Structure formats: structure tokens, C-alpha cells
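First up is the structure itself, then whatever we jot down about it.
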Amino acid sequence: MNGIQLKPQAARYKRASFDEDEVSAGGGSVPSGVGSAVGVGGLGGGISPALDGSSTVLNVGHDPSRPSISLSGLHFRRRHGLCGHQCTTYECCLTILLMFSSAALLAVFLFGPNGFTRGTHMTISTHAVPGVCLAPECITVASAILSAMNHKVDPCDDFYEFACGGWVKQNPLPDGKSIWSTFGKLWQENQLVMKNILDDDTRPTNSVAERLAKTYYLSCLDQNSTIEALGSTPIDELLSQLGGWNISSSGFNVTSWKLQSAIELAQNTYSRSVFFAWMVAPDERNSSRHIITLDQGGLTLPSRDYYLNKTDREKTVTALKQYITQVGVLMGSNEEEAKTQAESIVNLELRMAEVTMPEDERRDEKALYNKMRIMDLQRLASFIDWVSFFRSGFSLVNISVTGRTEVVVLVPSYFRQLSVIIKDILAKPTGKITLANYIGWQTVNSLVGALAPSFREAQRVLQRALMGADGAEATWRQCISDTNNVLGLALSSMFVREVFDEQSKPVAEQMVREVKNAFKENLPYLNWMDDETRELAKDKADHVTDMIGFPSFISDRDKLDAKFEGLEMREAEYFDNNLRISQWMLLKNMRRLQRPSQRGEWDMSPIQVNAYYTPSKNQIVFPAGILQAPFYDKNYPRELKAVVEQPYYRSLSTAG
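Residue 656, in the UniProt record's numbering, is where the sequence shown stops; the numbers in between run on with no holes.
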């Protein structure tokens with residue numbers, strides 16, 4: 001289940017993907033970064049970990065939480081031949097429907113600007129069109145296209161309403177959603193598939209990894225109300241280890257509190273995002289190796305604009321203060337004191353937002369690659385001892401770190417100015433209290449989703465301010481998304497075995513090859529390219545790696561289990577399960593520092609309804625989750641399988 005935990009920016013890991021509104025691990029009802037408590041805390045303070053702890057997972061459309069085509073439309077079990085074979089009554093009815101559908105579609109697509117004028121009416125023929133696909137899949141998708149249209153509207157007046165009006169009318173905005181799309185609907189179907197699998201106690205789980213996923217899912221469902229009974233106890237205990245939180249009743253000793261220790265514990269023991277984010281990631285200039293990478297981070301709201309934009313600021317910042325205040329009250333503070341402390345936390349975040357680089361300035365990959373030694377980082381931002389900071393983490397995996405160890409700092413200006421802000425605050429009598437409250441708040445906020453329902457209810461005021469939507473998805477949907485965020489490969493093993501048509505893989509692979517060949521054949525005719533650029537484009541196209549459906553190892557029990565070695569889950573310990581996963585992922589990620597980068601690693605759960613391109617690996621991935629109707633079916637007409645083309649062309653854009 002999910003609280004509002006918002007991922008930091010990490011453009012260095014940005015991938016070209018579908019800019020959809022609803023899906024990554026599957027669309028959501030709350031802003032980017034809302035997911036499981038661990039899914040947002042992420043590695044080294046907030047950069048969400050890859051599925052095996054190797055890299056980063058950035059949500060493409062929305063966030064890793066919730067996100068129809070009817071279920072029967074999702075996975076075609078029975079295949080039929082083309083027009084001409086003997087049909088059942090059902091098929092014959094669909095064939096008749098196709099006759100009408102084909103004529104209507106032809107009218108839409110064949111009448112261009114020279115032939116479709118105001119007042120034009122579509123005449124529907126009752127004769128079959130030669131060469132038109134009459135397979136059940138074609139008939140079904142033609143019907144869906146027609147159903148999505150609003151034929152009462154003149155396309156010359158409102159083409160969007162003409163093309164999509166029927167879909168909008170048939171698909172009202174669900175509770176808790178500020179946006180809704182076909183991506184979100186497909187994700188809901190995928191969720192239902194997983195629910196049926198996980199709820200079936202008679203179904204054997206094939207591996208330790210799959211049992212981990214089921215145990216985590218059950219701990220999230222919390223059918224025995226263990227989470228509610230614990231109240232704030234789990235987070236109180238964690239805050240005490242961080243030195244206490246002045247807002248809560250966990251106790252706080254300003255004399256003994258140390259900024260260095262608090263940041264090290266929050267980041268490198270509990271993997272919470274405070275002030276900045278860091279992780280071990282592939283080196284942008286040498287994709288065969290890994291390097292420590294640091295980025296700006298540590299804001300509660302989705303981006304700096306929510307703090308600084310005059311239009312949004314009053315509403316969102318006020319809601320944030322109310323959210324912090326209510327959480328403080330739930331943790332034992334009186335309301336007036338909680339308000340005062342919330343004000344100081346938000347004021348600090350406002351200052352951090354002012355020095356945070358805007359997203360539109362992070363598009364230049366070269367400008368974001370700033371390699372330096374840790375001793376150089378110390379001169380850049382001296383608010384903590386950086387060698388000590390990294391040693392506190394890497395000592396857990398027996399890796400030595402010195403002042404000469406190299407790191408990449410994505411936004412040096414942020415760290416330089418953050419150091420000024422922190423030193424300025426520490427110079428004030430209440431400085432330690434302000435910084436401790438901020439670190440405590442970031443820790444609590446990242447774990448709100450693992451606390452009692454009253455804590456999740458407290459964040460609704462912020463949800464409404466950010467999204468203009470209220471309500472929440474069913475608990476089981478939240479828990480499916482949560483499990484996918486943190487144990488996506490284990491969950492995908494069951495999903496693929498249940499519904500994925502493996503014949504989709506070779507068909508999709510063939511389409512990608514054809515797109516690649518068409519691109520290369522067209523290169524000589526692109527006059528805006530010089531010869532050198534043309535050769536570079538061809539070379540890049542030749543070396544793009546295509547990964548379709550799912551990684552093969554998830555079908556091998558031993559290999560899948562090896563990916564989750566050392567991880568433990570307990571059914572009645574949802575909060576602790578979140579901490580276990582985040583700590584396990586952090587350790588696994590840090591071990592990458594001494595290992596070569598592997599191009600074939602998946603950075604996205606195969607269940608996700610998306611596709612993406614990773615520039616540093618020159619890799620295109622089409623997960624099984626999106627290779628489903630209505631986006632893709634191996635028996636669809638080729639024109640309707642173009643979903644595989646978009647990430648390929650994006651691989652050759654500026655992001656590539």
C-alpha cells in the first residue's frame with residue numbers, strides 16, 4: 001500500500017519510452033514515485049533500484065503503484081484461419097460485423113483532405129472487401145476501434161472527439177484517478193491476472209522467489225489487521241535509531257544529534273532519500289563498468305515547480321504542511337507544535353527547490369556527466385565527510401573507498417549550493433532541530449504506505465492538491481502494484497507462465513528487424529544528415545539490442561532464485577519487509593561497483609505496460625505486459641502492431 005513518496009530526478013538514467021499518463025509498473029493514482037515504501041526509498045536515498053539491484057528503474061508514464069478491454073480480449077487462447085474457413089455462429093456474426101466495420105474504417109482512413117469535406121456521410125457497404133482480414137482478432141479490434149469513435153461528430157469540427165469520443169464515454173474516470181487511458185486499463189487487466197494467481201492457494205509456486213512474492217503480497221493485504229494494530233510503533237523505533245524526531249514522541253536529544261550520523265543511517269542503512277540521491281550505476285562513458293553516481297533529490301513534492309510556480313505553490317505547499325502536521329499529530333505531537341515544525345521543514349525544502357536544476361535543463365547528457373574523485377566532491381560540498389559517508393555503506397559489502405575513488409555528480413551546482421544552505425541552517429540556534437526534523441520527515445514519508453491506515457489517510461489532502469482526485473484503489477490492486485515494484489521478476493515468472501503467448505516474441509522480433517532495416521534503407525535519402533552522422537546512425541542501428549517479452553532466466557527456477565538470494569519475507573511483517581527489501585537492494589547495488597555492467601539486464605518488470613530505450617546500453621525493451629491486446633497481438637494486422645516501432649525510433653532521437 002502506498003503513501004506519497006516522490007522519486008528524485010535522475011536524468012542520467014533517463015530512458016526514451018512511452019510518455020503515457022498511467023503506466024510504468026502500471027499507472028497510478030498518485031504522483032510519480034508513489035509506490036511501496038521500498039520502491040520509492042530506493043537505493044542510496046531514493047533512486048529506485050532495478051529489478052535485480054543493478055541499475056535504476058525510472059517510471060515512464062506515471063509511477064510504480066496502481067494501475068479494459070475485457071479479460072477475454074487480453075489473451076486469445078483459440079486461433080482461427082482467415083476468411084474462407086467454415087465459421088461458427090459466433091464467428092459468422094463477427095464476420096458480418098466486420099463487413100460494416102471495414103467499410104467504416106475505409107471511409108475514415110481513405111477519405112483524406114481532398115475527399116472528406118464537411119457534410120460528407122459514410123456509406124456502409126454490405127459486401128466484403130477483398131483482402132480484408134476476417135480473423136476473429138481482426139474483427140474484434142475493428143469493432144473496438146469503431147466503438148471508440150463518436151460517429152455523430154464531424155471530424156473537421158473536432159477530430160479528437162470523432163476518434164476517441166466513444167472511448168471517453170464508455171470509460172469514465174475511476175475513483176482516485178486524475179487521468180485514465182488504455183494503458184491504465186491494460187494494467188488493470190494484468191493486475192487481475194496476478195490476483196487470480198496469488199489468491200489461489202491450490203496453485204503451486206515453482207520457486208523460492210515466487211514464494212517471496214506471494215508472502216510479500218499477503219503481508220501487504222494485511223488480512224489480520226496487524227499493520228493497524230502496530231500504529232506508529234515501527235516508525236517510532238526506526239526514528240529513535242536516527243536520533244529521534246522532534247515532532248513525534250520518539251524523543252530527540254539536540255546535544256547528541258549529529259548530521260553526519262543521521263545522513264549515513266538514513267541513506268546507507270535504511271535507504272531513505274535525504275538531501276540527495278546516490279547509487280551505483282553504469283558509467284555513461286564506459287558502459288562496461290559501474291560507478292558511484294550522485295544526483296539532486298530529497299524533495300517531498302514531485303518537482304521543484306510545485307514549490308516555486310506561483311500558480312501551484314499556494315495550494316500544494318499548504319497541503320504539504322497540513323500533511324506533515326497530521327502525521328506529527330498521529331505520532332504524538334500536539335497540533336500547534338507540529339504546525340511549527342512542519343513550517344520549518346517546508347521552508348528548508350523551498351530553499352532546496354530553488355537550487356534544484358529544472359527538468360528542462362537536464363536534457364543535455366554530456367552536461368550531466370561530471371566525473372570527479374571523492375576528494376573533489378569534498379571540496380565541492382563539505383557539509384558532510386564524503387569518504388566517511390561512502391565507507392559507512394560500502395564497508396557492509398567489503399569494498400574499500402578512498403578519497404581517490406571516482407564518482408559522477410550529475411548536478412554539481414546543486415551540491416555546492418546545498419552545502420551553503422545546510423551550513424547556514426547549522427549556524428542558527430535551532431539549526432540541528434530543523435535538519436533533524438527534515439531527515440525524520442523524509443524517513444516517515446517514505447514509509448507512510450507501510451503504516452496504519454490513518455497515516456495513509458493523512459496524505460489524501462496532498463493527493464487532492466496534486467492530482468485533483470480523491471479516493472483510492474482497492475487494497476488488492478495497490479498490493480499487486482507494490483509487489484511488482486519490489487519483486488517484479490518473481491511476479492513476472494508467474495504472469496508469463498499463465499498468459500503470455502511465447503509466439504509473440506519471434507513475431508515482435510521480426511517487426512523490430514524490419515523497422516531497423518527500413519530505417520537504414522532510408523538513411524541515404526535523409527538530406528539533413530551529413531555523411532559522418534549517417535554512418536554513426538547506421539552503426540547505432542546495427543548495434544541496438546532488442547529484448548522482447550521477458551528475460552529467459554525467469555523460466556529457470558534455480559536462476560530466478562539466485563537473483564533473490566539472501567532475501568527474507570514474513571507474512572505478518574509488512575513494514576519490516578519493506579526495510580528488508582530496501583536494505584537487500586542497497587547491498588546488492590553496492591556490490592556492482594566491482595563488477596562489469598551487463599547489457600542484457602532488465603531494468604523494468606516484464607509485467608509493466610510500457611516499452612523503453614536505455615541510451616547507455618543502446619537497448620530496447622518490450623515487456624510482456626505491453627505485448628497484449630489492444631496494443632499488440634501476433635495475429636493483429638501489421639498496422640496495429642506498430643507499438644514496437646516507437647521505442648526504436650526514440651532510440652535514434654536526441655535521448656539516444
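For glycine and all other residues, C-beta sits at the position ideal for the given N, C-alpha and C.
Bear in mind that the values here come from a model prediction, so they are computed numbers and not experimental data.
Which runs of the beta strand (DSSP E), 3 residues or longer, sit entirely within the region 473–535?
None, since the region 473–535 contains no complete beta strand (DSSP E) of that length.
Hey, Leu462 and Phe415: beta-carbon distance below 9 Å or not?
For this step, residue 462 is matched to residue 462 along the sequence shown. For this step, residue 415 is matched to residue 415 along the sequence shown. No; because the gap between Cβ atoms is not below 9 Å, this pair is not in contact.
What residues are listed by DSSP as bridge partners for Val280?
Position 280 of the sequence shown, counted from the start, is the residue given in the question as residue 280. DSSP, once it has assigned bridges, lists Ile292 as partnering Val280.
Relative to the alpha-carbon of Leu435, which residue among Glu343, Glu473, Arg363 and Gly403 has its alpha-carbon at the smallest distance?
What you label residue 435 is simply residue 435 of the sequence shown in a count that begins at 1. Residue Glu343 is the option with its Cα nearest to Leu435.
Sorted by chain position, which residues of the same chain lie with C-beta nearer than 7 Å to Leu487's C-beta, five sequence neighbours on each side aside?
Numbered from its first residue, the sequence shown carries residue 487 at position 487. Only Leu212, Ala213 and Tyr216 meet the Cβ criterion.
Quick check: what's the CA-CA separation for Gln619 versus Ile421?
Mapped onto the sequence shown, residue 619 falls at position 619. Mapped onto the sequence shown, residue 421 falls at position 421. Cα to Cα, the separation comes out at about 40 Å.
Determine, using beta carbons only, whether Asp319 and Asp295 come nearer to each other than 9 Å.
To locate residue 319, count along the sequence shown from 1; it is residue 319. To locate residue 295, count along the sequence shown from 1; it is residue 295. A small correction: the amino acid at residue 319 is Ala; Asp does not occupy that position in the sequence shown. Cβ atoms of Ala319 and Asp295: not closer than 9 Å.
Tell me which residue opens and which closes the alpha helix (DSSP H) that Lys339 is part of.
The residue given as residue 339 occupies position 339 in the sequence shown. Glu335 to Val355 is the extent of the alpha helix (DSSP H) around Lys339.
Who are the Cβ neighbours of Leu82 in its own chain at under 8 Å, not counting the five residues just before and after it?
Your numbering for residue 82 matches position 82 in the sequence shown. Because Leu82 sits at a pLDDT of 30, beneath the cut-off of 50, its placement in the model cannot be relied upon, and the following sentence gives the value as read from the coordinates. Within the same chain, Leu82 has close Cβ partners Cys133, Leu134 and Ala135.
Per DSSP, Phe622 is paired with what?
For the purposes of this step, residue 622 is identified with residue 622 of the sequence shown, where counting begins at 1. According to DSSP, which records beta bridges pairwise, Phe622 is partnered with Ile548.
Assuming Arg570 contacts Asp576 (C-beta within less than 8 Å), just tell me the rounded distance between them.
Locating residue 570 in the sequence shown gives position 570, where the first residue counts as 1. Locating residue 576 in the sequence shown gives position 576, where the first residue counts as 1. Their Cβ separation, rounded to whole angstroms, is 7 Å, which keeps Arg570 and Asp576 in contact under 8 Å.
If you count every other CB in all the chains shown that lies within 10 Å of the CB of Tyr525, and 16 or more means buried, which is it?
For the purposes of this step, residue 525 is identified with residue 525 of the sequence shown, where counting begins at 1. Classification of Tyr525: exposed, given that the 10 Å Cβ count is below 16.
Note down, in chain order, each residue of its chain lying with its Cβ closer than 6 Å to the Cβ of Trp257, except the 5 sequence neighbours on either side.
The residue labelled residue 257 in the question sits at position 257 within the sequence shown. Within the same chain, Trp257 has close Cβ partners Gly243, Lys432 and Ala436.
Going along the chain, which residues of its own chain have a beta-carbon closer than 8 Å to the beta-carbon of Ile399, five neighbours each way excluded?
Here residue 399 refers to the residue found at position 399 when the sequence shown is read from its first residue. Excluding sequence neighbours, Ile399 sits near Met590, Arg591, Leu593 and Gln594.
By how many angstroms is the C-alpha of Ile291 removed from the C-alpha of Gln510?
As a working mapping, residue 510 is identified with position 510 in the sequence shown. As a working mapping, residue 291 is identified with position 291 in the sequence shown. C-alpha separation (whole angstroms): 35 Å.
Threshold first: 4 residues or longer. Then list the alpha helix (DSSP H) segments lying entirely within the region 141–196, N to C.
Here the runs fully enclosed are 159–170.
Would you tell me roughly how many angstroms separate the C-alpha atoms of Asp539 and Arg362, rounded to the nearest one?
Here residue 539 refers to the residue found at position 539 when the sequence shown is read from its first residue. Here residue 362 refers to the residue found at position 362 when the sequence shown is read from its first residue. Cα-Cα distance, rounded: 26 Å.
Checking 9 Å against the spacing of the C-beta atoms, do Val193 and Glu498 come in under that value?
Residue mapping note: residue 193 aligns to position 193 of the sequence shown, counting from 1. Residue mapping note: residue 498 aligns to position 498 of the sequence shown, counting from 1. Result yes, Cβ atoms of Val193 and Glu498 sit closer than 9 Å.
The beta strand (DSSP E) with Val408 in it runs from where to where?
What you label residue 408 is simply residue 408 of the sequence shown in a count that begins at 1. Run containing Val408: Glu406 to Val409, per the beta strand (DSSP E) assignment.
Given this structure, state the Cα-to-Cα distance separating Thr302 from Asn522, to the nearest angstrom.
Position 302 of the sequence shown, counted from the first residue, corresponds to residue 302. Position 522 of the sequence shown, counted from the first residue, corresponds to residue 522. It should be pointed out that residue 302 corresponds to Pro in this sequence rather than to Thr. Spanning the two alpha carbons is a distance of roughly 41 Å.
Count the other CB atoms within 10 Å of the CB of Glu639; is the residue buried (16 or more) or exposed (fewer)?
Translated into the one-based positions of the sequence shown, residue 639 becomes position 639. Classification for Glu639: exposed.
What does the alpha-carbon distance come out to for the pair Asp531 and Pro282?
Within the sequence shown, numbered from 1, the residue matching residue 531 stands at position 531. Within the sequence shown, numbered from 1, the residue matching residue 282 stands at position 282. About 30 Å.
If you compare alpha carbons, which of Gly600, Lys428 and Leu198 is closest to Arg477?
Taking the sequence shown and counting its residues from 1, one reaches residue 477 at position 477. That would be Leu198, whose Cα lies nearest to the Cα of Arg477.
Taking Met372 as part of the beta strand (DSSP E), name the residues at either end of that continuous run.
Position 372 of the sequence shown, counted from the start, is the residue given in the question as residue 372. Here the beta strand (DSSP E) through Met372 covers Lys371 to Arg373.
Relative to the C-alpha of Val512, which residue among Glu137, Thr325, Met529 and Gly549 is closest?
Looking up residue 512 in the sequence shown gives position 512. Comparing Cα-Cα distances from Val512 to each of Glu137, Thr325, Met529 and Gly549, the minimum goes to Gly549.
Could you tell me which residues DSSP puts in a beta bridge with residue 664?
Since the first residue shown for the chain is 1 and the last is 656, residue 664 is missing from the structure and cannot be characterised.
So, with DSSP's three-state summary, where would you put Asp327?
Numbered from 1 along the sequence shown, position 327 holds the residue referred to as residue 327. A small fix is needed here, since residue 327 is Val in this sequence, not Asp. Looking at Val327 - three-state DSSP - the assignment turns out to be helix.
Using 10 angstroms around the beta-carbon of Lys428, count the other beta-carbons present and answer buried if the total reaches 16, otherwise exposed.
Counted from its first residue, the sequence shown places residue 428 at position 428. The residue in question, Lys428, is exposed, as its Cβ has fewer than 16 Cβ neighbours within 10 Å.
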